[in-house]
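Its first residue numbered 3, the sequence shown is counted upward by one per residue in the numbering used here. Presented below is the structure to which this report refers.
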Amino acid sequence: MNGTKRLLLIYPAMGMSGVLVRHLPLSLLYAAADALKSGFCVDIIDVRLDPSGWRENIAARLSADTILVGISVMTGTPVSGALEITRWLKQYYPDLPVVWGGPHVTFCGAEVLSERGIDFAVSGYGSKPLCRLACNLRGDSDAVQPEQIPGLIYRDPETSVARSVPPENTFELLDFRDIPYQLIESDLSRYGQLDMAERIFPLYSSMGCPYRCSFCSSPAQYAGMERKYLPISAGEVVDHIEYVHKRYGAGYIYFIDDDSFVDLAHVAAIIDGIDRKGIRVRLGFRGARVDEILRMDDEFLSKLAASGTSILHIGAESGSQRMLDLMRKGCTVADILEVNRRLAKHPEIVAAYNWVVGTPGETLDDLRMTRELILRLLDENPAAIIFAPNMFRPLPGTELYELALQHGYRRPERLEEWVEVEVEGGFRPGWISPEFARTVEMMRVTSYFIDDKPLKLQTGNTLAYRMLRVAARLYGPLARFRFRHGITAILVEQRLFAWFVGRMRG
Ligand code: B12
Numbered sequence: 003m004n005g006t007k008r009l010l011l012i013y014p015a016m017g018m019s020g021v022l023v024r025h026l027p028l029s030l031l032y033a034a035a036d037a038l039k040s041g042f043c044v045d046i047i048d049v050r051l052d053p054s055g056w057r058e059n060i061a062a063r064l065s066a067d068t069i070l071v072g073i074s075v076m077t078g079t080p081v082s083g084a085l086e087i088t089r090w091l092k093q094y095y096p097d098l099p100v101v102w103g104g105p106h107v108t109f110c111g112a113e114v115l116s117e118r119g120i121d122f123a124v125s126g127y128g129s130k131p132l133c134r135l136a137c138n139l140r141g142d143s144d145a146v147q148p149e150q151i152p153g154l155i156y157r158d159p160e161t162s163v164a165r166s167v168p169p170e171n172t173f174e175l176l177d178f179r180d181i182p183y184q185l186i187e188s189d190l191s192r193y194g195q196l197d198m199a200e201r202i203f204p205l206y207s208s209m210g211c212p213y214r215c216s217f218c219s220s221p222a223q224y225a226g227m228e229r230k231y232l233p234i235s236a237g238e239v240v241d242h243i244e245y246v247h248k249r250y251g252a253g254y255i256y257f258i259d260d261d262s263f264v265d266l267a268h269v270a271a272i273i274d275g276i277d278r279k280g281i282r283v284r285l286g287f288r289g290a291r292v293d294e295i296l297r298m299d300d301e302f303l304s305k306l307a308a309s310g311t312s313i314l315h316i317g318a319e320s321g322s323q324r325m326l327d328l329m330r331k332g333c334t335v336a337d338i339l340e341v342n343r344r345l346a347k348h349p350e351i352v353a354a355y356n357w358v359v360g361t362p363g364e365t366l367d368d369l370r371m372t373r374e375l376i377l378r379l380l381d382e383n384p385a386a387i388i389f390a391p392n393m394f395r396p397l398p399g400t401e402l403y404e405l406a407l408q409h410g411y412r413r414p415e416r417l418e419e420w421v422e423v424e425v426e427g428g429f430r431p432g433w434i435s436p437e438f439a440r441t442v443e444m445m446r447v448t449s450y451f452i453d454d455k456p457l458k459l460q461t462g463n464t465l466a467y468r469m470l471r472v473a474a475r476l477y478g479p480l481a482r483f484r485f486r487h488g489i490t491a492i493l494v495e496q497r498l499f500a501w502f503v504g505r506m507r508g
């Protein structure tokens, strides 16, 4: 008992997507920033690093000075992990407040408090609300009450009814020097993706997004904000990259912006800055739109390639113009093909396409158009890859949520039901036919192999990845045949895949 109060923050295990990608738990580092500045000590436990040892690891970190346990929750498998941890904590440490935060809470709000073991939740950006809550629990004389903490979800002490304080309508802008990478420094070598050699650091170059894709959570999250998009100054971004490169050995910067290419000059300034400082890192961008890439001339694409950009995640979404318009993508199928041809001239950059299927009103014919577009993209650009199609998930606050309700969507009532709401999960919107669902299933399984992904992406030499490469060589041609002709019969691969995913999802 030395008086310095502690927060224990936990990152639960992910689903299948977390098998291929294990980036450092930036969510918790950002959420901890203000609390550290207010004199709290913060411990982080990342269950992904020791999935079977979380009980012992948590027990070892808890002390009489621990005033709360925070858990970061995304939709899908992380919900089941967070529930298990919460119930275990309440069994052995009943008086220790448990706080949930993260994207799942941001989109689902007060209903998470249906779980008795969750004492508080934070919707939206977490650093300030978590610090204010910790100061309240520490009994600081100038602490504010829960009902005065923007973003906090708490139970009314009289009625036990869940109450939500609206989050502040501003972006959370952290000075990169305040991001407490030191909290996970000893584990940095255990983070990465696909066995890539470099040390990957996820990083923001901008906050928000000015676009209004009707299925996406971002427009819903930024609905109340005056400015929907805020670039971080190129100088600041370059200094941040230099800092993580020199101080923590970052070799690969993964921009996690919703959209990095709203302002091409901004990206060019960052690349020039990295070049001027002679920082040798590779780059990946998670947020790129078709209409933005259309604005990139060959000189700009050459600049991107020369800067070490190895991948662009592109929101193609559908091969059906009707669906593209419904999703407000602001582009045509012809635009997607044109973008792909331009990127094919820069094979150093992997064009990685995201897809959404199963939106209300989508037909088998729309799905066929998506399959045909996917195959043309792969034929016309050998450096292109396809991400597994995302089944449309109605998210509260999004434009298509209303349409989903009109098509009979029933929101999960229990937290456990959200466990299945992930790419590899069993979630099936009620309006899709069994044949549609089977076709999506076939597309999901085959999408891992139709583009020779394991052979194209820089994967390591572990047994798992060597087996994956052999599987790609053997099954690739069959997968492509199935995909091209929409053959869903005798989908034995699906069982194999489900077994593999099941083992990965634990
Ligand atoms: C990296 C990433 C992943 C990684 C995550 C793990 C990792 N670190 O390697 C992987 C690839 C595994 C992944 C998986 C998925 N992802 Co993802 N992912 C992201 C991405 C690009 C960055 C996350 C991040 O680090 N953000 C930076 C941190 C600082 O922001 P943050 O997480 O929001 O944290 C803040 C608040 O949420 C809050 N907070 C967070 N945790 C906590 C904890 C406490 C106690 C408190 C108080 C506050 C708090 O405070 C933080 C600071 O403000 C986001 C988009 C984005 N830019 O955020 C999408 C995003 C979170 N993912 C999304 C989706 C849809 C998924 C999947 C469901 C996809 C799928 N497979 O089906 C899965 C979910 C996990 C699963 N079921 O397996 C959605 C949201 C989904 C949701 N409702 O949970 C996002 C928002 C993208 C989008 N716009 O749609 N993802």
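All residues carry an ideal CB built from backbone N, CA and C; glycine is no exception.
beta-carbon residue i near the ligand B12 non-hydrogen atom, thresh 7 Å
i           : result
residue 32  : yes
residue 28  : yes
residue 502 : no
residue 139 : no
residue 11  : yes
residue 16  : yes
residue 163 : no
residue 258 : yes
residue 464 : no
residue 76  : yes
residue 105 : yes
residue 249 : no
residue 497 : no
residue 19  : yes
residue 218 : yes
residue 128 : yes
residue 72  : yes
residue 524 : Because residue 524 is not part of the residues shown, which for the chain are 3 to 508, the question remains open.
residue 200 : no
residue 80  : yes
residue 174 : yes
residue 283 : no
Close beta carbons around residue i, own chain, < 7 Å, minus the five adjacent residues each side
i           : result
residue 38  : 44, 182
residue 260 : 210, 211, 220, 289
residue 50  : 13, 15, 16, 20, 24
residue 374 : 321
residue 439 : 430
Cα-Cα separation, residue i to residue j
i           : j           : result
residue 363 : residue 433 : 8 Å
residue 164 : residue 100 : 15 Å
residue 423 : residue 429 : 5 Å
residue 139 : residue 112 : 20 Å
residue 466 : residue 197 : 10 Å
residue 408 : residue 402 : 10 Å
residue 148 : residue 479 : 58 Å
residue 291 : residue 379 : 16 Å
residue 3   : residue 64  : Residue confidence for residue 3 is low, a pLDDT of 46 falling below 50, so the modelled location carries little weight; the figure read from the coordinates is stated next. When rounded, the distance between both Cα atoms is 12 Å.
residue 119 : residue 84  : 11 Å
residue 177 : residue 284 : 23 Å
residue 238 : residue 102 : 31 Å
residue 305 : residue 464 : 33 Å
residue 117 : residue 153 : 18 Å
residue 437 : residue 115 : 37 Å
Cut-off 6 Å between Cβ atoms - residues of its own chain near residue i, not counting five sequence neighbours on either side
i           : result
residue 8   : 43, 67, 68
residue 244 : 279, 281
residue 499 : 447
residue 329 : 215, 216, 217, 319
Any non-hydrogen atom of the ligand GTP within 7 Å of residue i CB
i           : result
residue 167 : For the structure depicted, the ligand GTP is absent and the ligand set comprises only the ligand B12.
Span of the alpha helix (DSSP H), counted from its first residue to its last, around residue i
i           : result
residue 306 : 300-308
residue 244 : 236-250
residue 341 : 335-346
residue 36  : 28-39
residue 389 : No alpha helix (DSSP H) holds residue 389; DSSP gives it neither H nor E.
Close Cβ partners of residue i (< 8 Å) along its chain, the five nearest in sequence each way excluded
i           : result
residue 389 : 315, 354, 355, 356, 357, 449
residue 294 : 261, 263, 264, 266
residue 400 : 216, 217, 218, 219, 221, 222
residue 386 : 342, 345, 346, 352, 353, 354, 355, 379, 380, 453
residue 249 : 183
Below-8 Å beta-carbon distance, residue i vs any chain B residue
i           : result
residue 277 : Looking at the structure shown, chain B is missing, and only one protein chain is on hand.
Start and end residues, beta strand (DSSP E) containing residue i
i           : result
residue 287 : 284-290
Requested in this report: Kindly provide the ranges of any alpha helix (DSSP H) runs that are 4 or more residues long and lie completely inside the segment 69-95, ordered along the chain.
Outcome: 79-94
Query - Segments assigned beta strand (DSSP E), at least 3 residues, entirely inside the segment 136-224 - result: 154-157, 164-166, 202-205, 208-210
Requested in this report: Report the residue ranges of all beta strand (DSSP E) runs contained in full by the segment 395-438; include only those spanning at least 3 residues, in chain order.
Outcome: None, since the segment 395-438 contains no complete beta strand (DSSP E) of that length.
Query raised in the report: At which residue ranges does the segment 95-137 contain complete beta strand (DSSP E) runs of 3 or more residues, listed in the order of the chain?
Result: Residue ranges of uninterrupted beta strand (DSSP E) with 3 or more members, entirely inside the segment 95-137 and ordered along the chain, are 100-103, 122-124.
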